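Numbering (full-length UniProt numbering), first residue to last: 1 to 51.
All residues carry an ideal CB built from backbone N, CA and C; glycine is no exception.
Values in this document were obtained by computation on a predicted structure and should not be read as measured data.
What follows is a single structure, written as structure tokens, with notes after it.
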Amino acid sequence: MDFESVIMGIFSLALFIVPILLIQKMQKQQKKKLQQHFLDLAQQQQLKISQ
Numbered sequence: 001m002d003f004e005s006v007i008m009g010i011f012s013l014a015l016f017i018v019p020i021l022l023i024q025k026m027q028k029q030q031k032k033k034l035q036q037h038f039l040d041l042a043q044q045q046q047l048k049i050s051q
């Protein structure tokens, strides 16, 4: 296997992995933001949420 093939393989793999990692990161941030909003609303209604 020559060097160019290895580089192309790594580049191709990165094209598939990087978007998946970015999507997961955005979903995690969105979940955290939504959870915080929910807890804020509960606190405004003087509700106590236990986990």
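Problem - Where Leu-47 sits in the DSSP three-state scheme - result: The answer is coil: DSSP assigns Leu-47 none of H, G, I, E or B.
### Three-state secondary structure (DSSP) of residue 53
No answer is possible for residue 53: the residues shown for the chain start at 1 and end at 51.
| message | Rounded to whole angstroms, what is the Cα-Cα separation between Phe-11 and Gln-35? | response | Approximately 36 Å, taken between the alpha carbons.
Whole angstroms is fine: what's the gap from Asp-2's alpha carbon to Met-8's?
The straight-line gap from Cα to Cα measures roughly 10 Å.
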